[in-house]
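Below is one structure, written out as structure tokens, with a few remarks after it.
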Amino acid sequence: MNLFQFFAQNSGQVAQLTLEHLWMVGISTLLAALIGIPLGILIAHRPLLNRPVLGAANIIQTIPSLALFGFLLPVPWLGDRAERLAILALTLYALLPVIRGTYTGIRGVEPAVVESARGMGMTDSQLLWRVELPLAMSVILSGVRVAVVISVGLATIAAAIGAGGLGELIFRGLAMVNNQLILAGAIPAALLAVLADFSLGWVERRLRPQ
Amino acid sequence: MLAGMHGESRDGPAIEFCGVSYELPSGRRLLSDLNLQVQRGETLVFLGRSGSGKTTTLKMINRLLTPTKGEVCVDGATAAQTDVIRLRRGIGYVIQEIGLLPHFTVERNIGLVPEIEAWPSDKIRARTQELMQIVGLDSQLAARYPHQLSGGQRQRVGVARALAADPAILLMDEPFGALDPLTRDDLQREFLSLQQRLHKTVVFVTHDLNEALRLASRIALMEAGKLITVLSPQAFLRSTDPLAAAYVRAFHTGLDSTANRGSS
Ligand SMILES: Nc1ncnc2c1ncn2[C@@H]1O[C@H](COP(=O)(O)OP(=O)(O)OP(=O)(O)O)[C@@H](O)[C@H]1O
Ligand SMILES: [Mg+2]
């Protein structure tokens, strides 16, 4: 049986696992954006917080993913469902690129522009919403893009704790020493990563100020 | 628009510096004991070399910087008595680097203060068109973005933006510094005719004596964070103050040396 036949015969299962994969990546990216963008804004405005926050996000990033899944397993509510746990872990990994992208984007707004906006009498929130965020948006999005691409890859490992996703085919293939099964999980995962990278990159270019 | 900001509503100086000093956290002094009054309707020009503290002084007025000692009063009110956002919306500000918002069109840049003051949009549009005409910008430029303009056009947008909400006070930090001499000459001439009509209180920064002589009611000469002297343009040319005299000498040198070369 070759790979095409496998996909043809198991299209329902592959689609199901792809959806699970997308869901884990999507929810975790959303959470990472909801936490990471405000944090990035905060440290861009409060330089003193910059090192501790980026430092903490950096440390999380260095924990091997299998170890992180393992650490979180005994946590009560989380450990109940593997997929919750996987989403939390992916969120934690996605934080660093999101925070750093936001920080870089906001700090990158030309000081003269910020000064004149302030001098015109903009309030802090007007400055944020009308000047800083629009001008930083493409850089923020590039951070999100990196986070998504990392998550698509990491989410395959979530299958090790039974969270589902395309990793399930890979792990099953590893256990059964079946290369086709491994590829059946790896190829859609790689395609997802490329697709996400490309489409977010496109949006990012559209948002980039001249 | 802002009660109390307009010249006719009060007496006394428009802006007053009382013993103003400014120190960086490192302890470095950028301004030392500045005392000065800016009268309503005058054009006070700060003249001084690069790094003498002109921009720092200007930012004290709209409170982008706060004095570490002393007090700057605007319209007789101390910093503690004013809401900083209100204060800034009543003071037009043209910064050295222009600082137009790159993601706003010319029209939206000019209408910035009216927009954040929540004027109705048809009133903003009418005001924007009026201002573009006042500062000599072709109305076709309204939909362009700042990066699509020449340096001179950008400066005009900067001036129009500062005038938008009809502020009684205008702060202009080397607004014509980066322009070629002919465009600068145009803008200076337009500034003078505008000022004759509008009678704003203008605080203008330059390092160019020619510009100071041409535009100023009074020239405030600065050096190393200190106010050296305040003189009318006529008095400045005759001044025996060594620094003022040095400026005047440097001003004449170019003309003289050219003239001498021509005659020999
Ligand atoms: N935030 C800051 N941190 C450190 N030094 C500063 C800061 N702001 C200004 N300075 C220093 O303060 C001095 C005065 O600066 P200021 O910008 O007021 O000069 P200026 O007269 O406007 O000069 P220019 O004509 O070049 O614009 C300069 O020596 C400058 O390097
Ligand atoms: Mg300056």
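Respectively, the protein sequence lines represent chains Z and G.
Letter 80 of the first sequence, counting from 1, is numbered 101 in our numbering, and no numbers are missing.
Letter 210 of the second sequence, counting from 1, is numbered 200 in our numbering, and no numbers are missing.
Built from N, CA and C at the ideal position, the CB exists for glycine as well.
Would you identify the three-state DSSP class for residue i, choosing helix, strand or coil?
i	result
residue 167 of chain G	coil
residue 34 of chain Z	helix
residue 62 of chain Z	helix
residue 67 of chain G	strand
residue 143 of chain G	helix
residue 199 of chain Z	coil
residue 218 of chain G	strand
residue 44 of chain G	helix
residue 59 of chain G	strand
residue 19 of chain G	strand
residue 255 of chain G	Since the displayed chain G opens at -9 and closes at 254, residue 255 of chain G lies outside it and no answer follows.
residue 54 of chain Z	helix
residue 208 of chain G	strand
residue 213 of chain G	strand
residue 94 of chain Z	coil
residue 23 of chain Z	coil
residue 49 of chain Z	helix
residue 31 of chain G	coil
residue 52 of chain G	coil
residue 113 of chain Z	helix
Should residue i be flagged as near chain Z, meaning a C-beta pair shorter than 7 angstroms?
i	result
residue 200 of chain G	no
residue 54 of chain G	yes
residue 93 of chain G	yes
residue 160 of chain G	no
residue 269 of chain G	Nothing can be reported for residue 269 of chain G: it is not among the residues displayed for chain G, which extend from -9 to 254.
residue 24 of chain G	no
residue 85 of chain G	yes
residue 187 of chain G	no
residue 64 of chain G	no
residue 193 of chain G	no
residue 102 of chain G	yes
residue 89 of chain G	yes
residue 106 of chain G	yes
residue 5 of chain G	no
residue 75 of chain G	yes
residue 134 of chain G	no
residue 79 of chain G	yes
Can you say whether residue i is buried or exposed, counting buried as having 16 or more other CB atoms within 10 angstroms of its CB?
i	result
residue 186 of chain G	exposed
residue 216 of chain Z	exposed
residue 197 of chain Z	exposed
residue 68 of chain G	exposed
residue 140 of chain G	exposed
residue 96 of chain Z	exposed
residue 212 of chain Z	exposed
residue 137 of chain Z	buried
residue 49 of chain G	buried
residue 65 of chain G	buried
residue 220 of chain Z	exposed
residue 32 of chain G	buried
residue 70 of chain Z	exposed
Using C-beta distances below 6 angstroms, list every residue in its chain close to residue i, excluding the 5 sequence neighbours before and after it, in chain order.
i	result
residue 183 of chain Z	103
residue 89 of chain Z	110
residue 124 of chain Z	61, 64, 65
residue 53 of chain G	74
residue 193 of chain Z	202
residue 126 of chain Z	157, 160, 161
residue 237 of chain G	199
Quick one: does residue i have its CB under 7 angstroms from some CB of chain G?
i	result
residue 142 of chain Z	yes
residue 157 of chain Z	no
residue 65 of chain Z	no
residue 32 of chain Z	no
residue 163 of chain Z	no
residue 137 of chain Z	yes
residue 225 of chain Z	no
residue 82 of chain Z	no
residue 147 of chain Z	yes
In chain order, what residues of the same chain have a beta carbon less than 8 angstroms from the beta carbon of residue i, not counting five sequence neighbours either side?
i	result
residue 28 of chain G	3, 4, 5, 6, 34, 191, 193
residue 85 of chain G	148, 163
residue 178 of chain Z	86, 87, 90, 188
residue 204 of chain Z	24, 194
Are the C-beta atoms of residue i and some chain A residue less than 7 angstroms apart?
i	result
residue 134 of chain Z	The question asks about chain A, but that chain is absent: this structure's protein chains are Z and G.
Should residue i be counted as a contact of ligand 3 given a C-beta to heavy atom distance under 6 angstroms?
i	result
residue 196 of chain G	Within the structure as shown, ligand 3 is missing, the only ligands being ligand 1 and ligand 2.
Can you give me the Cβ contacts of residue i inside the same chain, cut-off strictly under 7 angstroms, excluding the 5 residues immediately before and after it?
i	result
residue 198 of chain G	none
residue 90 of chain G	99, 136, 144, 147, 148
residue 111 of chain G	none
residue 207 of chain Z	191
Curious, which full-length beta strand (DSSP E) runs of at least 3 residues does the stretch 75 to 150 of chain G contain?
81 to 84
At what residue ranges does the stretch 121 to 197 of chain Z contain a whole run of the beta strand (DSSP E), taking only runs of 3 or more?
none
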